[in-house]
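In the numbering used here, the protein residues as written are 13 to 531.
Here's what the structure looks like:
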C-alpha cells in the first residue's frame with residue numbers, strides 16, 4: 013500500500029513574497045509548529061549559490077540550517093529546493109536534511125540530472141521537479157520519464173507553475189506518469205491557486221492515485237507563496253484527517269498562521285485574483301498579468317485579449333520588451349482621423365467658447381452657470397457631468413466608457429482609437445497615438461490629450477475646470493469610484509505643468525478651478 017505525505021513549502025515558496033526574510037526566530041518557530049502538527053516533510057527554504065544571513069530561509073550549506081531545527085523532530089523530515097545552482101559543494105547527508113528537490117525548465121534537464129547523481133551519491137533523497145507542467149506535451153513527458161527511470165530518483169513531481177491545470181488535465185498527466193514511471197518512484201504534486209482549484213485538484217489526485225503509488229502533496233500555511241499562492245496546508249491536513257484518518261494536529265498550524273503569516277499577509281496579499289486566473293487560462297507566465305495589471309486604465313477584457321495574444325514562444329518566460337510591444341500595439345490602434353478632425357473643427361466653429369470639464373474633485377462645487385459664457389461648447393473628459401448640459405464627452409479609457417457610455421448619447425461621444433473594439437456608432441474617432449505625444453513628450457493624461465486635440469484644430473482659447481492634479485491620501489475625483497484608476501505617474505504634476513507651458517504656450521488656457529498645473 014502506497015503512502016500519502018504532506019510537504020509544507022511555506023519557508024521556500026512563501027519566501028517569494030518576502031525574499032525569504034522571515035527572520036531567524038520566525039523560521040525556527042514555523043518549523044517547530046509544523047513539527048508539532050506532524051507535517052511529514054518541511055521544506056525549510058532554497059539552496060542558494062552563496063551564503064546569506066541567518067534571517068533568510070536560503071542556505072548555501074546544510075550546516076547553516078542545523079540550529080533552526082528543534083532537538084525533537086518527531087516523524088518530520090527536512091527538505092530543501094535548488095533551482096539551477098551548483099550543488100557539488102554540499103556536505104554528505106548526515107541526517108539533517110532528508111530530501112532535496114531540483115526545480116528546472118525542460119531545457120535544463122541536464123543540470124538536474126547531473127546534480128541528482130551527485131546528491132544521491134551523498135545520500136540525499138532527490139525529487140525531480142520539471143516546472144511548467146501544464147505546458148509540457150505528452151511526448152516530452154514520456155521522454156523526461158524515460159530519463160528519470162534511468163536516474164532512479166526518490167520522487168518525480170507534477171508542478172503546475174501556471175496554475176492552469178483543470179481536472180481533466182491533471183488526470184491525463186497523472187495517468188501518463190502512472191503507466192510509465194518506475195513504480196518505486198514517488199509522485200509529487202505542487203499546485204497553484206490561479207483558478208481557485210488547488211484544494212479540489214489535491215483531492216482528485218488522491219482519488220485517482222494507484223493504491224501502490226507513493227504520493228507527496230505540497231501545501232503552505234494559508235497558501236503563502238508566489239502570488240496568487242499555493243494549496244493551503246491546513247485545508248489538505250483537515251481533508252486527510254477526515255478522509256484517511258490521519259492524525260495531523262491543526263492547532264499548531266493555525267497558531268503559526270495567526271502569529272507569523274497574517275502579519276505578512278496584511279502587507280502583501282495573495283490568493284485568487286482575476287489577472288492570475290486569466291494568466292492560467294491562457295497558460296502564460298504570471299508576470300504578464302502583473303505587467304498588464306499595472307496599466308491600470310485597462311479593463312479586464314483588455315487584459316484578457318492581451319494575454320490571449322501572447323505567442324507560444326513567449327508564454328513560459330516573461331519578456332518585458334515583448335510585453336511592451338504587445339501593449340503598445342493593442343492600445344495604439346491606428347486610424348486615419350483626418351475626416352474626424354475636419355468634422356469636429358467645423359462643428360466647433362459654431363461656438364464662441366470651449367469649456368473642458370475634467371473629473372477632478374473641484375468640479376463638485378463648480379457652478380458653470382455663474383460664468384457668463386456666450387454660446388459655449390462644454391466637453392467633459394471620461395465622465396458624464398450631471399449638473400448641466402454637455403455637448404460632447406471625450407473618452408480615452410475603456411473602464412470609464414463602460415461606466416458612462418450607457419447613459420450618454422453616442423452621437424455626442426468622441427473617442428480615441430484604442431476604444432474601437434468596445435464601442436459602436438460613436439460620433440468621432442481620433443488617433444490615440446497622435447494625442448499622447450505632446451511634441452516629443454509622452455503623457456496619456458486624458459485632459460492633456462483633449463487639449464492636444466483642440467490645439468490640432470486651432471482652437472487656441474479654452475476654459476478648464478476639474479483639472480485639479482493628484483494628491484496622495486486625498487479624494488481626487490468627482491466620482492470617488494474613479495480613485496482606483498489612479499496610477500503612480502498620475503502624481504507627476506511637474507511633467508504635466510511643463511507640457512502645458514512648453515507645448516501649449518500659444519494657447520490661452522483659463523483655469524476655472526484650482527489646479528496643480530497652473531503656472
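Every residue gets a Cβ at the ideal spot worked out from N, C-alpha and C, and that includes glycine.
Should residue i go down as buried or exposed, given a rule of 16 or more other Cβ atoms within 10 Å for buried?
i	result
residue 492	Residue placement at residue 492 cannot be trusted, given a pLDDT of 46 that sits under 50; the coordinates are not used to answer.
residue 24	buried
residue 517	exposed
residue 256	exposed
residue 461	buried
residue 91	buried
residue 121	buried
residue 191	exposed
residue 496	Note that residue 496 has pLDDT 48, beneath the 50 cutoff, so the model's placement of it is unreliable and the number below is only indicative. Classification for residue 496: exposed.
residue 107	exposed
residue 297	buried
residue 391	buried
residue 29	buried
residue 187	exposed
residue 204	buried
residue 327	buried
residue 236	buried
residue 246	buried
residue 280	exposed
residue 433	exposed
residue 100	exposed
residue 86	exposed
residue 454	exposed
residue 165	buried
What is the C-beta distance between residue i and residue j, in whole angstroms, given that I count them as a contact (C-beta under 8 Å)?
i	j	result
residue 442	residue 352	6 Å
residue 322	residue 310	Not really, about 15 Å apart at Cβ, beyond 8 Å.
residue 193	residue 157	5 Å
residue 451	residue 507	Rounded, the Cβ-Cβ distance is 12 Å, inconsistent with contact.
residue 477	residue 402	Contact flag wrong, Cβ pair sits at about 12 Å.
residue 371	residue 405	Incorrect: roughly 11 Å between the Cβ atoms, too far for contact.
residue 440	residue 410	Between residue 410 and residue 440 the Cβ distance is about 17 Å, and since that is not below 8 Å, they are no contact.
residue 18	residue 252	7 Å
Looking at C-alpha atoms only, which residue of the options is the closest neighbour of residue i?
i	options	result
residue 479	104, 425, 373	373
residue 60	72, 123, 54	72
residue 347	198, 510, 428, 477	428
residue 538	531, 527, 504, 526	Since the displayed the chain opens at 13 and closes at 531, residue 538 lies outside it and no answer follows.
residue 249	506, 200, 229	229
residue 364	30, 358, 386	386
residue 199	212, 220, 343, 207	220
residue 146	174, 135, 127	174
residue 75	123, 473, 63	63
residue 312	291, 325, 58	291
residue 424	185, 377, 169, 355	355
residue 359	105, 466, 430	466
residue 112	316, 98, 94, 100	94
residue 523	206, 368, 381	368
residue 224	55, 258, 195, 216	195
residue 134	471, 104, 127	104
residue 208	184, 185, 226, 179	179
residue 234	504, 519, 21	21
residue 128	162, 44, 149, 153	162
residue 15	189, 340, 436, 226	226
Strictly by DSSP, which residues pair up with residue i?
i	result
residue 424	Its beta-bridge partners do not exist; DSSP assigns none.
residue 390	367
residue 93	58, 113
residue 198	167
residue 335	Partner(s): none; residue 335 has no beta bridge.
residue 441	427
residue 244	232
residue 450	453
residue 139	113, 167
residue 20	54, 231
residue 70	58
residue 474	521
residue 330	Bridge partners of residue 330: none, in fact.
residue 204	242
Comparing the CB of residue i with every heavy atom of the ligand GTP, is any distance shorter than 6 Å?
i	result
residue 62	Looking for the ligand GTP in the displayed structure turns up nothing, as the structure carries no ligands at all.
Give a yes or no on whether 7 Å exceeds the smallest Cβ distance from residue i to chain B.
i	result
residue 154	Chain labels in this structure do not include chain B; a single protein chain is all it has.
### Segment contact flag, the region 283 to 302 with the region 235 to 246, C-beta cutoff 8 Å, min 3 pairs
These segments touch.
### Query
Does the pairing of the region 130 to 144 with the region 164 to 172 give three or more beta-carbon distances under 8 Å?
A contact exists between the region 130 to 144 and the region 164 to 172.
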